[in-house]
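Here is the structure we will look at, set down as structure tokens.
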Amino acid sequence: MADGGRKQRVLIVEDEDNIAIALDYLMGREGYEHDRIASGAGALEKIRATRPDLVLLDVMLPEVSGYEICQEVRADIGLKGVKILMMTARGSAMERRKGLALGADGFIAKPFELRELRDEVHRLLDPEGA
């Protein structure tokens, strides 16, 4: 927990329902407040409005890519504290480098083990307790 007992908030930006359901389940089980948006369009506005602690951001989204969203979040000084964990089915080294170069805090290839994802989320949100 952060900020005197406030639950940490995670925004899931994922267009595939089956993956979003698994992420939803995991975030709830781990005790995070969480919400989801299924498209790149509107994701940046939602991030600005809700100021999540972490964004689980799919790379390949309808309308606006995860890379574009990541770049916009990093360009907004008011969102400096928002962590971004990018997720992609194309887990090549080049994809990873591009995501990290645009300012992502982490990068995970799909399909992923839930434990691997949980460990990454804890690494980003609970650095001293991970």
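In terms of my numbering, the sequence shown opens at residue 50 and continues consecutively. Ideal placement from N, C-alpha and C gives every residue a C-beta, glycine not left out.
Using a Cβ distance threshold of 8 Å, VAL59 and LEU93 do not count as a contacting pair. When the beta-carbon positions are compared, PRO111 and ASP64 come within less than 8 Å of each other.
For a cut-off of 8 Å, the C-beta gap from ALA69 to ALA90 is around 16 Å, too long to register as a contact.
When beta bridges are read from the DSSP output, ILE133 appears opposite VAL104.
Note on geometry: alpha-carbon atoms of TYR81 and HIS171 lie some 11 Å from one another.
Taking ALA124 as reference, the option from LEU163, ARG164 and ILE96 with the minimal CA-CA separation is ILE96. Taken atom to atom, the span from the alpha-carbon of TYR116 to that of LEU105 is near 12 Å. Under the three-state reduction of DSSP output, LEU60 falls in the strand class. For ILE157, no alpha helix (DSSP H) segment is defined; the enclosing uninterrupted segment is the beta strand (DSSP E) at 155 to 158. Shown here for GLN57: same chain residues with a beta carbon closer than 6 Å to its own, the five before and five after excluded, namely ALA51, TYR81, ASP102 and LEU174 in chain order.
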